Each structure stands twice: as structure tokens, then as C-alpha cells.
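Following: one structure in C-alpha cells, then a few remarks.
Protein chains in written order, with my numbering: chain A, 1 to 645; chain B, 1001 to 1645.
Now the structure itself:
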């Protein structure tokens, strides 16, 4: 099969995949839109419908009380909209274009700013790989910073900021459910600021203070705005991208859609293989979430993998190439300074960051200071012209428990603090990357030092893994650390898949990693006391207690898995209304007995009775309880004895 | 197929399963025995052999340094001993019998102490289910307590205590590895006492103080002694047991062996279905780890599932029946007091403990105080005669985030504290059960209150789950909480499988739950600073850095999975010496680049040079580095370009 035929075939597979998405939305779910005040602000959420609760009555005339639907944050963009006409060859609707135009501070670019981009465009042989539609490219007018930070500091509330405020405001979105729900447990947020209602003004303040970023390249108008900051919901990033030994463009687009279906708030394209430029274009044009990259990877690819041959000029051209495509944040390893490299000499696992090891090699080969550090201000000048956020890379993060919190790691963190301030001086948004492998007792120190050195800029960690002994399960070893550091204030968690340390993740791994990290992030939201976070837990537990099995499944992070696990041992339809499952069977189900107990206990009203009356009342109630025991079953389970399996 | 034929067939399957175990030990592993001073004390551990490290030399004359093998704690008993003659119809060797006899404080029982046991024995129809060998039964001589607690208080160091001291002493077992290893990170143990060398005397003190228990029924002489306590390695319990709608005796024996293969320190048999008595006998006779039960389940089965028909007399008979079989600890829900039951009325998920809901129902139906509470001293009198430990049940634990740390839960905990002292007064060993579902910010309070109310008796929690929203993944939602509470001082963690809330776990679920919990327990050991805990992490990371892939796999918790995940994208044998994997490919592997960097950085010796000399030295080194780059590969990878996949 020719390469072209190959591509067409895999592209057809990707399109079929999208149709499957739209045809198989999450169960009992519909897309709802909450409108803002500013024009064009329409925030999509997923609304999960619930069955009513049986609250009394008789078998022939049961009494029901409705359960308010539950709305949850939704990262899947138009892909979960059954009516949306999606064509991956055209990309997603550019929902931010009007907002960008109206700001009047950008202009269309008529030629490529990057030499490499131009070369790629003129290369006929790449025709079949190219994204098929032409895209507008913009750039800031001369001397202007077009970043959300710049606007925020000037007191401007952009439509993006309002969008985000609505998105984060789980309480308001769930007003009906919240009224029914009990008061959430107060959180322990270690000094964070979590207002009961998140307003657009609050968002602006947070961005202006540098405590949050809203990554949104003017050339990525397709994104649904989102915010990364300690005082907002903890976010999760998924990594995709090919390598020299694996994967194709279409597989990467599929992984993108798959990751966002499972809740990825941003996605990093970490490709290190072939056609990095083309792969990225397809990804960005079809991504409803911000896209991050490590430009150094592509730069290294351009010099044939020889780190010593990297240069500032080549890197600069790569930044512009990616900026024009619409990358929303760059990981820049400007903290790997020459003097720090020898500090890693005695480590067990040296430098585990790809970017970090590349820069370290360059520094040593030239015996010069890291050119990213040297040219940092020039990098800022590029980024402020497109509103690309920094993700200041932790090139010297620890790759083993033994290396955690060592001199090299914190020397770099100090430098990242210095660079944070320099970026802010240029009105560029900044977040700071973090570890890695850290045993639990050392996690808090990481958070505290980062808050101090980086003046509360958002922290973005990879895990951390809390032990090294379980390759194959590092989504789990790291979810333990991620939940904790999220609780302590980390703003975004970069997921880890079961393939970590072993190979490139496939789609299953992406899902496993995503679910593990949505769990960690949500556990952190609960622990911090993010208003409204507990609504979903409460709704699911209520459904569980009432044996509304479908509702329990539908409210969960992975309804299909919950349902299929249940059905493995109790597949009949009657199982879905059964007041037990195969764990304990009908006689031992504590929830079933518990309902009987509750109904009885609630009926005891003894406060107004004297001792003798109480005694008599008790005997009477006890007798009633024994007699009524059999009739306290809810639902149509008269035929439910021990089911035949 | 007749029932008998059915049983023989499934028994043959179980035997085949055992042979598979013995035929397929963990890779690169052998069983080693460390002898104690007291006669018969021989502690088995698993020793993992490692490849040597290439440290220099030339391609024709490479120079190697050996890597000391790593010894790890082993719960699989004789099943991992290739020479052991195992016949599940005969059970395991009774390694403790001489120790028990020599204490001279027990006597053989010639008749059944339990009416039920006698009935079962006389029932011909149960012949085919019965464990096939006759077993000695013992009981304490009149008035004597034969518990490890009683001995410890009298200053006696039993062989069991010495056994345990050797088992826990990872540093001493790994003396060779420990000398090579770097200093472990100091832990934060929140006031625990973790001596560098664990002695038998230390063990005795901990047991005497009630801070640790050594569960070891005199009728379960087959166990390899183990200890549960805050100042020891965090332990993990696995649950097995059939239910009315699932599983057979042989499947349960297989689950036992499977769980101990994956590291279960104790196993609870929570059967609620048919042939509970017979199932338990097969399990105990073949178990190298302590076995726990909830006697209330079987008692309920005996009254046809009608909780109101339970009585103290029936329960007492059940205790004796199980005591004579050799159950090592009983979960007793004596804290579910009548006055507490109404406190659960407003909960979201009521009472989720099976035993708790059963006792609550009984209390309300009779309007009487919990008969387990009323007869607690009599229960102690039985348990002290066999050395059965209490696991004081948390019948009122929270089953949802909303219910965490509520009035009912802590009222019960206070009562468990009172009962702890009452049991100690009778010289009965005690551990205390705990939650459940607890958001992270509320976990620490649980540990602190339990330490206070229960005078540091060991805590034994179920998770806790840190969010309710992920049925299907509750091994993960709870591993997050379990790691934390283990760090804070919890002594044993009861595992949770992916099937939690959905159905009875199968073998795969048992494994997934076990790995998740071994991770949580080990993360806690590292965080507490248990001496020697970091040796395995360091050895694995060192192997990873040196691309000793087989060693990395072999040191991991699940070598087969690590290997197969790696091989999914890089299956050739050359992949096992490759200095990269499919995650990044050969050009981008940070570990490979990192080795180059390290070798160079370590070679810089500039301290004695002046500025000009330094400059010249640097240029020379830089040139050397560039020239030598290609020759710094280790291993036979001259043929490793980009592999053909």
C-alpha cells in the first residue's frame, strides 16, 4: 500500500472513531450550555439525568421524589454534541475569533514568520500529510502584549475570563442539586482562596496576580477557555505524541479526542518522531483544549538528534513556527544552568527529563551557559506576541526516590522563580513544572518552596511517584502523590500511564492514566473544599444507597466499566433493581438492611415521652419493625429470591 | 456431573494451580532462610538476583561490578519453595507445633467444643467436602491465657517474636545491599518509634504495650508468624470468601494462594454462602498467613438470614467452632450500641458494614443492647484460651464521603477504646478497625482519635476511599487514602478491589487490589522511614538507569507485567539491552544522554586549577566529550540503530 493510501485508510479510521464518539455519548447525558453576559460566551457542560427516588406510597401507588440532574465539567468540546458537524479535515469551529478580532491588537500575518514552516509548505512531498484547510495566522501589533495577563492587569475582563468563571462555578451550575445536597465538608486548603461563587472579576484578579493562567494562543481560537491555578479546580494534562519507533498522525489525533473524552484539560504533543509539524497542525485544529509542546524536541529533530548542534537561531525559528500554528504553552528548560549540571553527577538516575538532558549535554559540549537562559527575554518577546504561556521546565527533576529534593532540583527551582518574575515583567503568563519521584514525606516541601520561590505561580507536576518499585502501575504510584500535591496547592497534574518507564502508551493506557488522574484531581478538590465538588459524590452515594444502579453507574467517571463489572456476576436486568449485588447476596447486603434500620430509627420519636411511655413505645416499635421487615423492600423485587446463575 | 465429580474436578484444578506456582516462581528469585537463635526459627525471604554493572574497561575486556542481591519480605510460604511437597489435602507443615507444645500450657481436645462442629462432623452428606486429614485441636489449660500478649507481659520472648523480628529487619537481611545503598531519606513518622535494628526484645515490648499484635491461634500452627503494629512494616489484608451467588471451595483456596503470592500478609475469609465451615477448614490448613473471619456471618447463615433470630448462645457456639478450626482473629462488632443506631438515620449511606447492619437490626428488633457488647467478657474468655486476636469491628464506619467522621462513627470508636482496655485486662490481643470513605483532609483526625481512644492499639482500615465517584476503580480511590493513613500510623490496610460496590471479586481483581495495596503500604513505609525500605527502590532505579532491563522487571512488584508492557512495543531480545525504549526512541532517551552527562561531569576536576587553567581544561574536556560521545554506549548495542518493527 502506498503511503497515501495508508494515510487515507487511517484517516477514515479516525473519522469513524469520531462518529462513534458522537453516536455513543456518555449514558443518560446531554450537553447543556450556560450563557454568559459577554457576547459569544456559552459554556458547555454535561448534564447527567437521574431517576426519581421512591419515597413511600404503596405498591400500586408508589410515591416518587425527583432527583435533580447533576452537571459536570466537560472537556470534550463539540465532540460530545450530537448535532455538531465535525470534519477533522476542517477542524473545529473557531469560537474565539470574534473576541480576538474585537480586541483590535492583532493583525493577520501574510507570510510565514518561520523559515522552517515555509520550507515545509513548499515541500510537495508532504502534500498528503498536510492539514487540508487553510488557517488564518495572527500576530500582535508591534510592541503590544496580547496576553490575558496584560488584559487582566489593565482591569479588563475578557470573554475568556467570563467563560472560565462559569465553567469553574460548579455550585451555581448545580443550583438545584446543591439545594438538596447536604453541606460539603469544609476543606483544608493550606491557605488557598476558594470563594463560594467564582466571578469573572475573581478570575481577572487571579490572572493579574500571576496565581493563575489562561493558556490561549491567538492562533488557537478553537479552544474552550480554561484556567490553571491553585484557587480553581485541579486540572489534568494528558500526553500524546509519536516517537521514532511508534505511532502515526491519525493515531495521535485519535488519542487527542480520546484523552479529552476522558477529561483531559490540556494535552501536550510530545512527538519526537517524523512529521512533527504536520502532526501538530492536525492536533491543534481539532483540539478543544489548550495544546502544549516542548519546542526543544522538534529543534533536536531538525539537527538530526545531535544536541551539540542546537543553536539559539534554530530554536527561535522553531518557536515562531509553533507559535503561528497555535501552540498554547511551551515547556522551556531555561533553568538547566551549566553550574547545576555537575550537581546531578552523584544521582541514582541522573537527569530524567528529555529536555533537561538535551540542554545539559549542550551546556557541557559547548561549556557555555544554557542558551534558553541566555535568550530568555527574547523568548518572552515572542510569546507575548501570541499569548503563549510558559511552562518552565523542571529539567533537573528527580527520576527516583533517592534523588528527591536534592540540591540540583531546588537550584533549578530557584532559577525558575527568577525566570517567573522576568516573564511577568514582559506580561507573559507562567506556570512552573515540578517532580517527579518524591516519597510522601517530602512532597509538602516541594509545594512550599515553589510557592515561595515562584510567588504563587501555578505549579504543574508529573505525579509525583511515591515509590519506584512498581513499573506497570506507575499511574497508581503517582496518583497517590498527585492527589496529595493537588491538595497542597498544585494547579495541574500531568498524568502518568501504566506504560511509564516501559514504552509508549496506547489508547488503553491513555484512558487508565486519565481516570487515575481525574480521581487524584477530584480527591484534591474535595480535600481543598472546592465549592460544589462534593455534589457528584453525594448524588452517586445516594443512588447507591437507594439501589438506583443505573444512576450510580451514570454518575461515575467510567459508566461502562462500572456497569460491566457489575454485570460480570449479575447480568440480568433484574439485577439493576436488585437490592443487593453478588458481593454479599440478598441476605447480607448491608445497604438493604441499612434502609430497614433507617426507616425504623427515623420513626422513633421518644423525646416527648416519659420513661414508662418510652418503654411501651419501644416494645410496640420493635414489634412493628419485625412485622414490617419484609415489606420494606423498595421496587419490584418480589420475584427476587436467590437468582439462578 | 455429580457433586462429587464436580468437586474432584475443581480440586484437581486447584492442585494444578499450585504446581504452576511452584513451577513458575518469581523470576531470578530463590527462597533463602535466615535462622534465628531459638530452635526452629527459620525465616523465609525471597532473594532477587541482579546482573552486574558495567563500570568501565573496553569492549573486549569490560569491567563489571557485582550488584548485591535484594531480599524482600515473602508471604507465600512453602508455595514458593520449589522442593516443598505440597498436597492441599494434607495442608501445610505445622511449623509451630513444637513451640506450642513446649509452652506446656495447652492440652489436646478430644471432643468438639462446638455443637455445630459436631453436627457437621456427623453429617455423612458433607463427606466429599470435608478437609481430608485429621487435625489436632488444642485449648488452653483451665484459667490460663495462651496469648502472645500474656507471654510478652511476663517478659517472655517466644519463638514467634524472634521470627517476626528477623522478618521485619529488612536492613539486616539486606546487609550487603544496604552498604552499597545511599542513606535513605529520613522519614516523618508522626511520633512512631522505628529503631534501626528490630530486635526480638523490641517486638516483645511492642506486644506487651498493646501497640502490636501477633495473630497466631494455637490451632493454626501452619502460619509463618507476622506482626501488625505501627512500628513495623505496614501490612495488607486480602479478602476472600464465597457468597450466596458465587464461588466454590476450590476457587476460594486458589484465591488464598493467589493473594499470598501477591503479598497478602493476612487473609480474611468472609464467606456468606454455602459450606462456610468446610471452606474455612480447607483455607486454614493451607494458609501460611493468619486467617481472619467475621463469625457473625456464619451465625446469621445458621438462622437462615434472619438477624432477629441471632442469639448469644448460637454466637458463642460459632466462636468455639471457629476457634477450634484455627481462626487467628475475629471481627466483632461490639461497638454497634443500641444508642448509636439512630445516629445513622440521617446518613447518606446508612450502615455499610455487613456486621454492623446485622447487629443494628438485631438491636432494634429486640430493643436491647448489642449482645456482643453485653457478653464481651465472655468472648474474651474464649479468645484467650486459643490466642485469637480481636479485630474490633467498625460497624458504623462511613460508606460515603458525606458520612465521614460523623457522630455515629466516633461514638463507636470511643466504645472500641473502652473495649480495647477490657480485652487487654483479659490478656487478649486487640486491633481496631477503621474506615471507609474519608476525604483526605479528614483522614488525619481518624488516626489521631484512634491513637487516643484506643491507647495506640493497632489500627486496621478499609482504604479509606477518598472520593465516591469512581466505582470500577475503587482500588485506586482507596489506595490514595490508604497510603496516607498508613503513613500517619495505620498498621494494616484492608485491600479494596476494582469490584468494590459492584460484585464479588475474581482472581484478577484480587491481584489488582493486592498490587494497589502493596504500593500504598510501601509508600507509607518509605514516608515513615522504615529502615531498609528504600533499598528496593534504589536497586530498581539503579538498574533502570543502567538499562539492566531484566533487573528492573525482576525487582518490581509484578515482573511479568513490567516485562510484557515493555515488550508490547519493543519485543526483540535486543530491546532488553537497548539504551532506550519506545517511549522516546534512541535519540531522545534522557537516561542515555544522562549517562553521558554524568560521566563527563564526574570527570571535571577543576577545584585545584586557576581561572586560566580552568578555561583550558574546559575546552579540552568539551572537545573530548564531543569526540567520545559515540563510545559511551554500554553493552552490545553496536547493531542498535532504529529497530525494525
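Glycine included, every Cβ here is placed at the ideal spot set by N, Cα and C. A quick note: this is a predicted structure, and the numbers were derived from the prediction, not measured.
If you look at residue 62(A), you'll find it in the beta strand (DSSP E) that goes 62-65. Listed in chain order, the beta strand (DSSP E) elements of length 3 or more contained wholly in the region 1469-1533 of chain B are 1492-1494.
Here DSSP, grouped into helix, strand and coil, assigns residue 573(A) to helix. By alpha-carbon distance to residue 460(A), the top candidate from 472(A), 481(A) and 262(A) is 481(A). Boundaries for residue 337(A): no beta strand (DSSP E) harbours it, and the DSSP string shows neither H nor E there.
In the three-state scheme derived from DSSP, where H, G and I count as helix and E and B as strand, residue 75(A) is classed as coil. Of the residues 573(A), 512(A), 484(A) and 545(A), the one whose Cα lies closest to the Cα of residue 527(A) is 484(A).
In the DSSP annotation of this structure, the continuous segment of the beta strand (DSSP E) that includes residue 44(A) starts and ends at 42-48.
If you look at residue 1171(B), you'll find it in the alpha helix (DSSP H) that goes 1170-1173. Cβ neighbours of residue 1546(B) within its own chain (closer than 6 Å, five residues either side excluded): 1053. As the crow flies, the alpha-carbon of residue 76(A) is around 5 Å from that of residue 261(A). Contact annotation: residue 235(A) and residue 431(A) have beta-carbon atoms that are not nearer than 7 Å.
Here residue 1460(B) is bridged, per DSSP, to 1433(B) and 1492(B). In this structure the region 106-121 of chain A touches the region 134-141 of chain A; the number of beta carbon pairs closer than 8 Å is three or more. Interface annotation for the region 1407-1432 of chain B against chain A: empty, criterion Cβ-Cβ distance under 9 Å. Residue pairing of residue 239(A) in beta bridges, as defined by DSSP: 268(A). Cβ contact annotation for residue 297(A) (same chain, cutoff 6 Å, sequence separation greater than five): 272, in chain order. Listed by position along chain B, the residues whose Cβ is nearer than 8 Å to that of residue 238(A) form an empty set, because the closest Cβ is around 15 Å away. Taking residue 1349(B) as the centre and dropping the five residues before and after it, the same chain places the C-beta of 1399, 1400 and 1403 closer than 7 Å to its C-beta, in chain order.
Distance from the CA atom of residue 1112(B) to the CA atom of residue 1131(B), rounded to whole angstroms, is 16 Å. Residue pairing by DSSP puts residue 212(A) in a beta bridge opposite 229(A).
By the criterion of at least three beta-carbon pairs nearer than 8 Å, the region 1411-1420 of chain B is not in contact with the region 1357-1370 of chain B. Taking a Cβ-Cβ cut-off of 8 Å, residue 396(A) has no neighbours in chain B, whose nearest Cβ is about 11 Å from it.
The Cβ-Cβ distance between residue 457(A) and residue 187(A) does not fall below 7 Å. Residue contact with chain A for residue 1472(B): present (Cβ-Cβ distance below 7 Å to some residue of chain A). Residue 357(A): member of the alpha helix (DSSP H) spanning 354-366, first to last residue. With distances taken between CA atoms, residue 307(A) lies nearest to 1592(B) out of 1128(B), 1012(B), 1592(B) and 1562(B). The residue among 1221(B), 1336(B) and 1240(B) with its C-alpha nearest the C-alpha of residue 1511(B) is 1240(B). Going by beta carbons, residue 67(A) and residue 50(A) fall inside the 7 Å limit.
The residue from 1358(B), 1331(B), 1343(B) and 1362(B) with its alpha-carbon nearest to that of residue 1390(B) is 1331(B). If you look at residue 319(A), you'll find it in the alpha helix (DSSP H) that goes 312-325.
With contacts defined as CB atoms closer than 7 Å, residue 1393(B) and residue 1447(B) fail to qualify as a contacting pair. By alpha-carbon distance to residue 1468(B), the top candidate from 1395(B), 1569(B), 1454(B) and 1439(B) is 1439(B).
By the 16-neighbour rule on beta-carbons within 10 angstroms, residue 1175(B) is exposed. Runs of beta strand (DSSP E) with 3 or more residues, each lying fully within the region 132-162 of chain A, are found at 138-140, listed in chain order. 1341, 1342, 1343, 1344, 1345, 1346, 1347, 1348, 1349, 1350, 1351, 1352, 1353, 1354 and 1355: these are the residues of the region 1323-1355 of chain B whose beta carbon lies less than 9 Å from some beta carbon of chain A, given in chain order.
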